[in-house]
Amino acid sequence: AEFERGEHKVSISSFRSDVDVGEKAASKLFEGYNPDVIDFLRRCDTEEQAEEIIRYLERRGEISGEYASRLMKQLKEKGVRSFGPKKEDDYYLKKAYGL
Numbered sequence: 010a011e012f013e014r015g016e017h018k019v020s021i022s023s024f025r026s027d028v029d030v031g032e033k034a035a036s037k038l039f040e041g042y043n044p045d046v047i048d049f050l051r052r053c054d055t056e057e058q059a060e061e062i063i064r065y066l067e068r069r070g071e072i073s074g075e076y077a078s079r080l081m082k083q084l085k086e087k088g089v090r091s092f093g094p095k096k097e098d099d100y101y102l103k104k105a106y107g108l
């Protein structure tokens, strides 16, 4: 009844009748994507977790000491959410499938 009255509408941007084709198309959205330090920080719940991530990536040489210092300063002054909203579990899966 709600659909008949036009109260609720859903836009459909594409349609695939073959599940395998749909799976491949959705998985290509993040194909070759490597998360960066900000992606990791956005998964943190606490400042302590964020500090650990920054130190770990600096130790591994994945970020410079200078960049690590800037990140730590931002973390101390503005908090962990200053890097963006928290990325919940299955963030990329939900984005890929439009959930």
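For the sequence shown, position 73 matches number 82 in this note's numbering, and the numbering has no gaps at all.
By construction, the Cβ of each residue, glycine as well, lies at the ideal position given by its N, Cα and C atoms.
Asked	Found
Collapsed DSSP secondary structure at Ile47 in the structure displayed	helix
CA-to-CA distance, Gly74 to Gly88, given in whole angstroms	20 Å
Short Cβ contact (8 Å threshold) for Cys53 with Ile62	yes
Lys85, DSSP secondary structure in three states	helix
Arg64 - containing alpha helix (DSSP H), residue span	56-68
Sequence-distant residues of its chain with Cβ nearer than 8 Å to Met81 (five each side left out)	Glu60, Ile63
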